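Trainee:
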Amino acid sequence: MMLGTLRLSVGRCRLSICCRSFPAFRHTRSFTASARLSEDIDEPPKTKPKATTPLRRSASASLPIRETRTPTRSAIKTVFTLATAERYILSRFRQHPSLPARAQSLNESLWIPKWGKPGEEGEVFIFSNGSFVCWGLKEAEARRFAAEVIDLAPGIKVAPLADAETEELEFVVDPIELALTLEVVRNTRLQGDLIILGQMSPLSSTQASPRNLPPMALPEETLLARYAYSQALSRSTALSALEVSLDEYLTSMAQLPHSLIKTGKPGMGRVQLIKKLGELMKFRQGLNLNRENFSDVPDFYWAEPELERYFDSMTDALDVKERTASVNDKITYAAEAQSVLRQLLTESSTHSMELVIIALIAVEVVIAIIRDGPELWEMLVGEQDKKHQEDNLTHN
Numbered sequence: 117m118m119l120g121t122l123r124l125s126v127g128r129c130r131l132s133i134c135c136r137s138f139p140a141f142r143h144t145r146s147f148t149a150s151a152r153l154s155e156d157i158d159e160p161p162k163t164k165p166k167a168t169t170p171l172r173r174s175a176s177a178s179l180p181i182r183e184t185r186t187p188t189r190s191a192i193k194t195v196f197t198l199a200t201a202e203r204y205i206l207s208r209f210r211q212h213p214s215l216p217a218r219a220q221s222l223n224e225s226l227w228i229p230k231w232g233k234p235g236e237e238g239e240v241f242i243f244s245n246g247s248f249v250c251w252g253l254k255e256a257e258a259r260r261f262a263a264e265v266i267d268l269a270p271g272i273k274v275a276p277l278a279d280a281e282t283e284e285l286e287f288v289v290d291p292i293e294l295a296l297t298l299e300v301v302r303n304t305r306l307q308g309d310l311i312i313l314g315q316m317s318p319l320s321s322t323q324a325s326p327r328n329l330p331p332m333a334l335p336e337e338t339l340l341a342r343y344a345y346s347q348a349l350s351r352s353t354a355l356s357a358l359e360v361s362l363d364e365y366l367t368s369m370a371q372l373p374h375s376l377i378k379t380g381k382p383g384m385g386r387v388q389l390i391k392k393l394g395e396l397m398k399f400r401q402g403l404n405l406n407r408e409n410f411s412d413v414p415d416f417y418w419a420e421p422e423l424e425r426y427f428d429s430m431t432d433a434l435d436v437k438e439r440t441a442s443v444n445d446k447i448t449y450a451a452e453a454q455s456v457l458r459q460l461l462t463e464s465s466t467h468s469m470e471l472v473i474i475a476l477i478a479v480e481v482v483i484a485i486i487r488d489g490p491e492l493w494e495m496l497v498g499e500q501d502k503k504h505q506e507d508n509l510t511h512n
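Following this note's numbering, the numbering of the sequence shown begins with 117 at its first residue and continues without gaps.
1. In the structure shown, what three-state DSSP assignment does Asn-227 receive?
2. Please state the DSSP three-state secondary structure of Ser-247.
3. Please list the terminal residues of the continuous beta strand (DSSP E) segment that includes Gln-220.
4. By Cβ distance below 7 Å, which residues in the same chain neighbour Ala-354 in space, the five residues on each side in sequence not counted?
5. Classify Leu-423 as buried or exposed, calling it buried when 16 or more other Cβ atoms lie within 10 Å of its own Cβ.
6. Under the three-state reduction of DSSP, which class applies to Asp-363: helix, strand or coil?
7. Determine the closest residue to Gly-235 out of Asp-435, Ala-333 and Arg-458, with distance taken between C-alpha atoms.
8. According to DSSP, is Phe-209 helix, strand or coil?
9. From this set, Glu-239, Phe-243, Ala-256 and Arg-259, which residue's C-alpha is nearest Cys-250's C-alpha?
10. What is the rounded straight-line gap between the Cα of Val-443 and the Cα of Leu-222?
11. Kindly provide the ranges of any alpha helix (DSSP H) runs that are 4 or more residues long and lie completely inside the segment 313-386, ordered along the chain.
12. Got a sec? Which residues, its chain only, sit under 6 Å from His-178 by beta carbon, not counting five neighbours each side?
13. Can you check which of these residues, Val-387, Gln-220, Ile-292 and Arg-351, is closest to Pro-326 by C-alpha distance?
14. Note the first and the last residue of the continuous beta strand (DSSP E) segment covering Glu-422.
15. So what's Phe-416 in DSSP terms, helix, strand or just coil?
16. Any contact between the segment 387-398 and the segment 453-463? By contact I mean 3 or more CB pairs, one from each, below 8 Å.
17. Could you tell me whether the Cβ atoms of Thr-431 and Ala-341 are closer together than 8 Å?
18. Could you tell me whether the Cβ atoms of Phe-287 and Val-195 are closer together than 8 Å?
19. Indicate the three-state DSSP secondary structure (helix, strand or coil) for Ala-278 in the structure shown.
20. Taking DSSP as the reference, what is the three-state secondary structure of Ala-475?
21. Which two residues bound the contiguous beta strand (DSSP E) that contains Ala-199?
22. When we look at the beta-carbon of Ala-269 and count the other beta-carbons within 10 Å, is it buried (16 or more) or exposed?
23. Alpha carbon to alpha carbon, what distance is there between Val-482 and Asp-488?
24. Between the alpha carbons of Glu-155 and Glu-183, how many angstroms are there, rounded?
25. Measuring straight from C-alpha to C-alpha, what distance separates Val-187 and Val-289?
26. Which partner residues of Lys-273 appear in the DSSP bridge assignment?
27. Under DSSP, the beta strand (DSSP E) around Leu-179 begins and ends at which residues?
28. Three-state secondary structure (DSSP) at Leu-403?
29. Where Lys-233 and Phe-261 are concerned, what is the direct C-alpha to C-alpha distance, given to the nearest angstrom?
30. Quick one, which of Phe-241, Glu-494, Ile-486 and Arg-203 has its alpha-carbon nearest Gln-401's?
31. Where does Ile-311 fall in DSSP's three states?
32. Mind checking Arg-439: buried by the 16 CB within 10 Å criterion, or exposed?
33. Any Cβ of chain B within less than 8 Å of the Cβ of Thr-431?
34. Taking only three categories from DSSP, how would you classify Phe-410?
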C-alpha cells in the first residue's frame with residue numbers, strides 16, 4: 117500500500133493526504149483526507165483545500181480505516197454541509213413546486229431520503245438554522261440542490277447570506293464495523309476526520325425510530341446516527357456564518373477608537389449608533405435565544421444517550437461550544453465599546469441642550485427688553501422727575 121503525501125504546516129495548518137480536490141470558496145471549511153488505498157486504484161492524486169477546523173489535528177486517527185479495505189466496507193464518500201441563509205422556514209417547503217416526493221419531517225429537520233443523479237443518489241437533511249447536510253453528494257451536487265430546491269421555494273430563506281458557508285467531511289459504510297476502545301465496543305463513530313457508519317446499539321425508546329420509511333440512498337439502520345451527525349454539522353456551519361457576519365461588523369466598527377483618539381468624537385451619529393446596537397442584539401439573539409441555538413443539547417437526545425454521543429462527538433470535534441463562547445465574548449466587548457460611545461453621545465447631546473437653553477433665555481431677555489423697554493424707561497425716568505419736583509417744592 118502506498119500512502120499519499122502528508123503535509124502539515126503551522127499557522128493555517130494545512131493538511132493534505134492525497135485528498136479529493138474541490139473548488140475554493142470563500143470561508144470554506146474542509147477537512148477531508150482521502151488516502152490512496154493501493155497502487156492499482158485508478159484515482160489520480162488530489163489536492164485538499166485548506167483545513168481550518170479542529171478535525172485537522174485528529175486526521176491521522178482515520179488512517180487505519182483509509183489504508184485498509186474490507187469486503188463489507190464501502191468507498192469513502194462525502195458529507196457536505198451548506199448554509200445559505202440565517203434561517204429557513206421549513207413549513208413553507210410544503211408549497212414547493214418540485215419538492216421530492218419522498219421528503220418528510222424527521223424530528224427538527226426536513227429529510228429527503230434520496231436525491232441526485234441516477235446511480236449517484238444521496239440523502240439530504242434540511243435544518244431551520246439556514247443550512248442543509250448532504251450525505252453521498254459532492255459539492256457540485258449540493259450546490260445544484262440549493263439552486264433547484266432551496267432557491268425555488270418561495271419565502272423559505274430568511275436573510276440570505278452573501279457568501280454560502282460550507283463544511284466538508286467524509287464517511288464510509290461498513291455494516292459489520294467494530295472498534296474496541298477501553299473495553300467498550302463502539303461501532304458507528306467519528307474516528308479522526310472520518311465518520312464510520314457501522315452497527316448501532318439499540319435505542320432506549322422505540323418511538324425514536326421513524327416507521328414506514330421510504331427507500332433511501334443509505335442504510336436504514338444508521339438513519340438516526342446520520343441525523344445526529346448532520347445536526348451537529350449544521351450548527352457548526354451556521355455558527356461559521358455568524359462568525360463571518362460578526363467579523364464584518366467588528367471591522368466596520370474598527371475605526372471608532374481611532375476617531376476618538378484623533379478628533380475626540382465618535383464619528384457616528386446617534387441613529388447610526390442605535391442601528392449598530394440593534395445589529396449586536398440580533399447577533400446575540402441568534403447565538404443564544406433562538407430555538408435552534410448553539411448552546412443547548414436538543415431535547416430529542418435526552419432520552420437517547422447513544423444518539424447524544426454521536427451529536428456530542430461531532431460538536432466537540434468542531435469546537436462548537438468554544439467558538440460560541442468566543443463569539444459571545446466578542447459581542448460583549450463590542451457592546452461595552454458601544455456603551456461608552458453612547459454615553460459620549462449622551463453627554464454631547466446634554467451639552468448641546470444646555471447651549472440651546474442658554475440661547476433661548478437670551479432671546480427671551482432681548483424680546484422682553486424690546487417689548488417692555490419703553491414702558492420700563494418711562495417708569496424709571498418718570499419716578500426720577502417726580503422726585504426732583506418734590507425736592508424743589510420742599511426747598512421753596
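Beta carbons are placed, not taken as given, at the ideal position from N, Cα and C, and that holds for glycine. As the structure is a computational prediction, the values presented were derived from the model and not from experiment.
Mentor: So, from the listed chains and residues:
1. Strictly speaking, residue 227 in this sequence is Trp, with Asn absent from that position. The answer is strand: DSSP assigns Trp-227 an E or B state.
2. strand
3. Taken as a continuous stretch (DSSP letters only), the beta strand (DSSP E) holding Gln-220 covers 220-222.
4. Cβ contact annotation for Ala-354 (same chain, cutoff 7 Å, sequence separation greater than five): Ala-199, Asn-245, Gly-246 and Ser-247, in chain order.
5. buried
6. helix
7. Ala-333
8. helix
9. Glu-239
10. 30 Å
11. 339-368 and 371-379
12. It is Ser, not His, that sits at residue 178 in the sequence shown. Result list for Ser-178: Gln-307, Gly-308, Asp-309 and Leu-310, in chain order.
13. Gln-220
14. Where Glu-422 is concerned, there is no enclosing beta strand (DSSP E), although the alpha helix (DSSP H) it sits in stretches over 421-433.
15. Phe-416 falls in the helix class under three-state DSSP.
16. Because the criterion of three Cβ pairs below 8 Å is met, the segment 387-398 and the segment 453-463 touch.
17. At least 8 Å separates the beta-carbon of Thr-431 from that of Ala-341.
18. yes
19. strand
20. Helix.
21. 193-204
22. Its Cβ being crowded by 16 or more others within 10 Å, Ala-269 is buried.
23. 10 Å
24. Since pLDDT at Glu-155 reaches only 37, below the 50 mark, its modelled position is unreliable, and the value read off the structure follows with that caveat. Going from the Cα of Glu-155 to the Cα of Glu-183 covers about 12 Å.
25. First, the amino acid is wrong: residue 187 is Pro here, not Val. Using only the alpha carbons, I get a separation of about 11 Å.
26. Tyr-204
27. Run containing Leu-179: none in the beta strand (DSSP E); it sits in the alpha helix (DSSP H), 179-183.
28. helix
29. 11 Å
30. Out of Phe-241, Glu-494, Ile-486 and Arg-203, Arg-203 has the C-alpha closest to the C-alpha of Gln-401.
31. Residue state, collapsed to three classes: strand.
32. buried
33. The displayed structure is made up of one protein chain only, and chain B is not part of it.
34. coil
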